[in-house]
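So the protein lines, in turn, are chains A and B. For the first sequence, position 374 (counting from the first letter as 1) is numbered 374 according to UniProt numbering, and the numbering increases by one without interruption. For the second sequence, position 32 (counting from the first letter as 1) is numbered 32 according to UniProt numbering, and the numbering increases by one without interruption.
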Amino acid sequence: MQWVENALGRKIPAEIDGRPLKPFRGAFQDQGGGRQAAPRVPLTTVPGRIDKVVRSWDELWERLPLRDGMTVSFHHHLRNGDFIVNEAMQRLAARGLKDLVVAPSALFPVHDGLVELIKSGVISHVEGSMNGQVGVACSKGLMKKTAVLRSHGGRYRAIQDGDLKIDLAIIAAPAADVFGNANGVLGKSAFGPIGIAKADSLYAERVVVVTDNLVPFPCVPMSISGLHVDHVLTVDTIGDPTKIVSGTTKITRSPTQLQIAELAARFVEAAGILRDGFSFQAGAGGISLAFTKFLGERMAEKKIKASFVIGGTTQFLVDLLNRGLIDVVTDGQSFDLVAVQSLRDNPRHVEIDPFISYCQHARGCFAHMLDVAVLGATEIDLDFNVNVNTHSDGLLLHGIGGFADAAAGAGCTIITAPSFRKRIPVLRERVTTVTAPGEVIDVVVTERGLAINPRRQDLLEKVQGKGLPLVTLPQLMDQVHALTGIPDSPRFGERPVAVIEWRDGSVIDVVRQVLD
Amino acid sequence: MSTPTIFTSGLEGKSDLIATYEPAAPFEVVVESSVKKLFGRHIRERAEQTLQEFKVNKGRLVIKDDGALDFIIAARIEAVLRKAGVAKAPPFKPIDRTPAEKDRLRRSRLYLPGNQPDLMLNAGLFGADSLILDLEDSVAPDQKVDARILVRRILGEAHRLFPGTELIVRVNPLSGPFGYEDLREIVPALPHLLLLPKCDTDHDIKEADREVTAIEREFGLQGRILFMPLIETVKGVVNAQAIAQASGRNVALCFGAEDFTRDLGVPRTRDGKETLAARSQIVYAAKVAGIQAIDTVFADVGDDQGLLASSLEAKSLGFVGKGVIHPRQIPIVHQAFAPTAAEIEEARKIVEAMQRAVETGAGVVSLGTKMVDAPVAERARKVIALAKQLGLPGVEGL
Numbered sequence: 001m002q003w004v005e006n007a008l009g010r011k012i013p014a015e016i017d018g019r020p021l022k023p024f025r026g027a028f029q030d031q032g033g034g035r036q037a038a039p040r041v042p043l044t045t046v047p048g049r050i051d052k053v054v055r056s057w058d059e060l061w062e063r064l065p066l067r068d069g070m071t072v073s074f075h076h077h078l079r080n081g082d083f084i085v086n087e088a089m090q091r092l093a094a095r096g097l098k099d100l101v102v103a104p105s106a107l108f109p110v111h112d113g114l115v116e117l118i119k120s121g122v123i124s125h126v127e128g129s130m131n132g133q134v135g136v137a138c139s140k141g142l143m144k145k146t147a148v149l150r151s152h153g154g155r156y157r158a159i160q161d162g163d164l165k166i167d168l169a170i171i172a173a174p175a176a177d178v179f180g181n182a183n184g185v186l187g188k189s190a191f192g193p194i195g196i197a198k199a200d201s202l203y204a205e206r207v208v209v210v211t212d213n214l215v216p217f218p219c220v221p222m223s224i225s226g227l228h229v230d231h232v233l234t235v236d237t238i239g240d241p242t243k244i245v246s247g248t249t250k251i252t253r254s255p256t257q258l259q260i261a262e263l264a265a266r267f268v269e270a271a272g273i274l275r276d277g278f279s280f281q282a283g284a285g286g287i288s289l290a291f292t293k294f295l296g297e298r299m300a301e302k303k304i305k306a307s308f309v310i311g312g313t314t315q316f317l318v319d320l321l322n323r324g325l326i327d328v329v330t331d332g333q334s335f336d337l338v339a340v341q342s343l344r345d346n347p348r349h350v351e352i353d354p355f356i357s358y359c360q361h362a363r364g365c366f367a368h369m370l371d372v373a374v375l376g377a378t379e380i381d382l383d384f385n386v387n388v389n390t391h392s393d394g395l396l397l398h399g400i401g402g403f404a405d406a407a408a409g410a411g412c413t414i415i416t417a418p419s420f421r422k423r424i425p426v427l428r429e430r431v432t433t434v435t436a437p438g439e440v441i442d443v444v445v446t447e448r449g450l451a452i453n454p455r456r457q458d459l460l461e462k463v464q465g466k467g468l469p470l471v472t473l474p475q476l477m478d479q480v481h482a483l484t485g486i487p488d489s490p491r492f493g494e495r496p497v498a499v500i501e502w503r504d505g506s507v508i509d510v511v512r513q514v515l516d
Numbered sequence: 001m002s003t004p005t006i007f008t009s010g011l012e013g014k015s016d017l018i019a020t021y022e023p024a025a026p027f028e029v030v031v032e033s034s035v036k037k038l039f040g041r042h043i044r045e046r047a048e049q050t051l052q053e054f055k056v057n058k059g060r061l062v063i064k065d066d067g068a069l070d071f072i073i074a075a076r077i078e079a080v081l082r083k084a085g086v087a088k089a090p091p092f093k094p095i096d097r098t099p100a101e102k103d104r105l106r107r108s109r110l111y112l113p114g115n116q117p118d119l120m121l122n123a124g125l126f127g128a129d130s131l132i133l134d135l136e137d138s139v140a141p142d143q144k145v146d147a148r149i150l151v152r153r154i155l156g157e158a159h160r161l162f163p164g165t166e167l168i169v170r171v172n173p174l175s176g177p178f179g180y181e182d183l184r185e186i187v188p189a190l191p192h193l194l195l196l197p198k199c200d201t202d203h204d205i206k207e208a209d210r211e212v213t214a215i216e217r218e219f220g221l222q223g224r225i226l227f228m229p230l231i232e233t234v235k236g237v238v239n240a241q242a243i244a245q246a247s248g249r250n251v252a253l254c255f256g257a258e259d260f261t262r263d264l265g266v267p268r269t270r271d272g273k274e275t276l277a278a279r280s281q282i283v284y285a286a287k288v289a290g291i292q293a294i295d296t297v298f299a300d301v302g303d304d305q306g307l308l309a310s311s312l313e314a315k316s317l318g319f320v321g322k323g324v325i326h327p328r329q330i331p332i333v334h335q336a337f338a339p340t341a342a343e344i345e346e347a348r349k350i351v352e353a354m355q356r357a358v359e360t361g362a363g364v365v366s367l368g369t370k371m372v373d374a375p376v377a378e379r380a381r382k383v384i385a386l387a388k389q390l391g392l393p394g395v396e397g398l
């Protein structure tokens, strides 16, 4: 295998599975130009109405050109409550298909059963995102081919560019009509926005909407347009929306997490970011929720209103929206049912897809309109490079989500993380895997202090002398090492098991096989 | 009853480990850990080091670790070895610790359960004036030995974990089965203060003083350790004066409302009328003895407004601080005990009036139509001093 070094000094194979790789050159080095891949021209010479509805999976399969090695895509809006990924893959396995490429926007513990299909060769690899046991299987080298991990924006771009050619898009929808118009907000299985499936619907060779709630034509709102849908499959249930809840719905009681969130909020205030009309993104983890709460308290106290936020939406954002502290919530995914209901009922809570929020092929996506993004990480290194994919033991356990896109776009990107978890330092000399380069990371906030990227002297000058515990990353790492000791390195094999793409499609790092 | 053949220490959960030791089994060390890939080798070395520290080379030691730091590993192993009777307390090692101060800020004292290492690791980061490593109510009787050893080891790491924070250990009452052993284990590790619970009479303090003095003499630590008697019974309240004056080691009287209301046989209410007289009596007793008075904890961690009101009330009664049970309570308590802008302004005027009086040689100091007498002047000076210490505005040039 021939290796080249990318701009971060990470070794990247020149090609993988016969596909040449583009080494990462910098966060903003993509020159644009060229043309997107064009979608298939469908057969529409049928007179009158097209009958798209099928009543069973078997009937669906009969209507589709199935073949070994095809790429099947899914969205993850039902999160850990999804029934469709497992159902579809088991049924494709039962039909004797093999070497399938699964292209989900994310996988959850509910999908751990896919590991058996990976072992049996039904699935050759995953392109997109994976968590939990599927990630562990990938780390151990169980996938025949090399997995590819992309951010939400990167996935949209890859589909547009034809890097990710989807043969069959399977889109679970809680409301759809016979034509295939669909949305995510109506019906017993409503899960919120359905925007992540947008690219799949526009570019896949075949598009199937799967619903447990066939509504009269036309289904409005039509977040997914039936104009792109080949078939509508009706099933009893697509999933359990009560399990879309991400992590926690309560503000954490962990003093350490609260401390970090409080410091992040104090920083945002001290840096002058917290001003009328500002915008922010914060996720749904324990620290992010607490940050949102503390930020909201400061906004209420100072009578400051945010112009917009990008969600990952939770009841806490909805609360700020309803109290008039946020003008518009632009919502890429819902993390609880309060958010689902608000998206459905509140005209100032609007659905977006990753092209709008994150995609590099847009003429300036919403992430680039953000003043501040607050994001988590598994590791951060002395160059401010951030890892969200692997743990320090080398196991691939998380997808990228919108991380790379929000980090690259936001005016100020803040990483919040405890300085160690159990006894594993989060600050490393060199991260195990790079997900995002230090050039897009501005501030690291831990319970032991806050480090500002030396590239951002402007931020440093704004917050100096305002009582914030400013530290440098080397100081912080030494302090943590004094408590935890320095960890040994895990044993890696030579084989790359996954490629981490930067949002422009260049390769920022590879994940190597973990040896026992 | 047969003698146990297997001994255990430690709790399931983050940052701790469960050590089990079987003295009769062949010599073996087994390490399981959730962080094994990164720290397995290190944990084994630390375990073997601890066995060597106690010169133990027999029996089967099994460690189930979930990310415990070195001193926790050592504490848990020491605990099983001592429970099994194959090791004794380690020899005394002198500790370099800044001496305890009699008068210092004690607005907040954060309680930490003595057998729960995960809560202790970051406890120094939240700005509490004092930390209480608790061996009493938060530790079950069958975990007293484990907690005692853990707290002693934590005190040995305090310079790194809690720099600048006052370290208090709440020992068990000497009237019970654990108190004396607590003192023997803890005093040589030199906490700044001991919080002595369930003080009913001056005798309780005198006995603790006698015992601590003896241990200090043994290790050459004369008079280093100070006391904070905790009054939490009706009898204790009635004897508050004698308790406050029972030892030169006393720096503050603390009130414990939970046990007090139980002893009195009334429910504890949010506004706390049932404890008002007791609290005032404790403040008076402390005042006469020239020591501080510190109020009880506010138990509802979710009720920030209630905590603020309770703290302001405590301040108005003459207390200088409160106990806290969650770090979130610390800034609220500090806010309450800080002088307000109006108080600082008033004090500033008084102090300036006194300065003018000295300059002009006036015998009587007055401010507007009010005469400033000695206690008023003294209080104003204290307010200014505290405001300066806390870095508050409005004291420039004083």
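A virtual CB, placed ideally from N, CA and C, is assigned to each residue, including glycine. Keep in mind the model is a prediction, meaning the values are calculated, not measured.
Asked	Found
For A/Cys219, three-class secondary structure by DSSP	coil
Per-residue DSSP class, three states only, for B/Phe126	coil
Cβ contact (3+ pairs, closer than 8 angstroms) linking the region 91-103 of chain B and the region 130-139 of chain B	no
A/Ile171 vs A/Val215 beta-carbon contact at 8 angstroms	no
Below-8 angstroms beta-carbon distance, A/Gly485 vs any chain B residue	yes
Classification of B/Gln49 by the beta-carbon crowding that lies within 10 angstroms, buried from 16 upward	exposed
Local Cβ density within 10 Å of B/Pro267, reported as buried at 16 or more and exposed below that	exposed
Nearest candidate by alpha-carbon position, reference B/Arg106, set B/Gly248, B/Met228, B/Glu216	B/Met228
B/Lys370 - DSSP class collapsed to helix/strand/coil	strand
DSSP three-state assignment for A/Trp3, whether helix, strand or coil	strand
Nearest-angstrom Cβ-Cβ length linking A/Ser124 and A/Val101, presumed shorter than 8 angstroms	6 angstroms
Short-range partners of chain D found in the region 151-164 of chain B, where Cβ spacing is below 9 angstroms	Among the chains of the structure shown, chain D does not appear; the protein chains present are A and B.
Whole-Å CB distance - A/Val443 paired with A/Leu450, under 8 angstroms assumed	6 angstroms
Assigned exposure category for B/Gln305 - 16 Cβ within 10 Å defines buried	exposed
Nearest neighbour of A/Arg344, chosen from A/Ile356, A/Thr330, A/Pro354 [CA to CA]	A/Thr330
C-beta contact flag for B/Leu119 and B/Lys64 at 8 angstroms	no
B/Asp331 - containing alpha helix (DSSP H), residue span	For the record, residue 331 of chain B in the displayed sequence is Pro; it is not Asp. It spans 329-337 - the alpha helix (DSSP H) in which B/Pro331 sits, taken as one unbroken run.
8 angstroms CB neighbourhood of residue 405 of chain B in its chain, flanking five on each side removed	The structure shown does not extend to residue 405 of chain B, since chain B spans only 1 to 398, so no value can be given for it.
Residue-level contact to chain A via CB, B/Leu125, 8 angstroms cutoff	yes
CA nearest to the CA of A/Arg428, picked from A/Ala408, A/Ile400, A/Asn387, A/Lys422	A/Asn387
Beta-carbon separation (whole angstroms), A/Arg63 vs A/His231, contact threshold 8 angstroms	6 angstroms
Where B/Asn122 meets chain A, residues with beta-carbon distance less than 7 angstroms	Pro255, Thr256, Glu447
Local conformation of B/Glu343 per DSSP, three classes	helix
A/Met89 - DSSP class collapsed to helix/strand/coil	helix
Within chain B, the residues that A/Ala88 reaches when beta carbons sit closer than 8 angstroms	Simply none; closest approach about 34 angstroms.
Near-chain A residues of the region 24-44 of chain B (beta-carbon distance less than 8 angstroms), N- to C-terminal order	Ser34, Val35, Lys37, Leu38, Phe39, Gly40, Arg41, His42
Beta-carbon proximity check, A/Ile159 vs A/Ala197, cutoff 8 angstroms	no
DSSP-derived helix/strand/coil call for B/Thr134	Note on identity: in this sequence residue 134 of chain B is Asp, with Thr being the wrong assignment. If DSSP states are grouped into helix, strand and coil, B/Asp134 belongs with the strands.
Residue from A/Arg91, A/Val85, A/Gly153 with nearest C-alpha to A/Val126	A/Val85
Whether A/Met477 touches A/Pro418 by CB criterion (8 angstroms)	no
Minimum Cβ-Cβ distance from B/His326 to chain A less than 8 angstroms	yes
A/Gly402 beta carbon less than 8 angstroms from that of A/Ala106	no
Of the residues A/Ile486, A/Thr435, A/Gly277, A/Gly184, the one placed nearest A/Gly26, counting alpha carbons only	A/Thr435
Contact set for B/Ala147: own chain, Cβ-Cβ below 6 angstroms, skip 5 residues either direction	Gly114, Asn115, Leu135, Val139
Interface flag, B/Ser15 vs chain A, CB-CB below 8 angstroms	yes
B/Pro113 - DSSP class collapsed to helix/strand/coil	strand
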